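Residue 1 is where the sequence shown starts when you use the UniProt record's numbering, and the numbers rise one by one after that.
Glycine included, each C-beta is placed from N, C-alpha and C at the ideal position.
Quick caveat: nothing in here was measured; it's all calculated off a predicted structure.
A quick write-up on the structure given underneath.
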Amino acid sequence: MEISWQDFEKVELRAGTILEVLDFPEARKPAYKVKVDFGDFGIRWSSAQITFHYQKQDLIGKQIVGVVNFPKKQIGKFMSEFLVTGFADEDGNIVLTTLEREVTNGSKMI
Numbered sequence: 001m002e003i004s005w006q007d008f009e010k011v012e013l014r015a016g017t018i019l020e021v022l023d024f025p026e027a028r029k030p031a032y033k034v035k036v037d038f039g040d041f042g043i044r045w046s047s048a049q050i051t052f053h054y055q056k057q058d059l060i061g062k063q064i065v066g067v068v069n070f071p072k073k074q075i076g077k078f079m080s081e082f083l084v085t086g087f088a089d090e091d092g093n094i095v096l097t098t099l100e101r102e103v104t105n106g107s108k109m110i
């Protein structure tokens, strides 16, 4: 399905740096709770099913891409405030969308 440029411009894909990672044992599928600094867009939490490829301590300081303008989503007792982006590998495990070089937190993908 094709979308227009105006449709794409509505999606706020922003760079952010992971500040904290917590276990999320209540999640139906293995996941972490991640706290990310999006600069002027604030510090936000989300859940991410990234436990297969990543250890919590290795995620701290990693710059990722998130969608910051979706509505908040209740996941059990946890409120997800943005969407972590990634790609499924050949086994369906998520590989994070990361940046090759550091940019300012909150920078928009263009």
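Inset, instruction - Kindly confirm or deny that the segment 83-102 and the segment 57-68 touch, where touching means at least three C-beta pairs closer than 8 Å. - result: Because the criterion of three Cβ pairs below 8 Å is met, the segment 83-102 and the segment 57-68 touch.
Inset, instruction - Have a look at residue 105 and residue 60 and give me their C-alpha separation to the nearest angstrom. - result: Here residue 105 refers to the residue found at position 105 of the sequence shown. Here residue 60 refers to the residue found at position 60 of the sequence shown. Between the alpha carbons of residue 105 and residue 60 lies a distance of about 14 Å.
Legend entry - Rounded C-alpha distance that separates residue 8 from residue 2: The sequence position of residue 8 within the sequence shown is 8, counting from 1. The sequence position of residue 2 within the sequence shown is 2, counting from 1. One Cα belongs to residue 8, the other to residue 2, and the distance between them is close to 10 Å.
Legend entry - Residue range of the alpha helix (DSSP H) that includes residue 56: As a position in the sequence shown, residue 56 is number 56, starting the count at 1. That run of the alpha helix (DSSP H) goes 56-59.
Legend entry - For residue 63, the nearest candidate out of 36, 55 and 76 (CA to CA): For the purposes of this step, residue 63 is taken as the residue at position 63 of the sequence shown. For the options 36, 55 and 76, the alpha carbon positioned closest to that of residue 63 is the one of 36.
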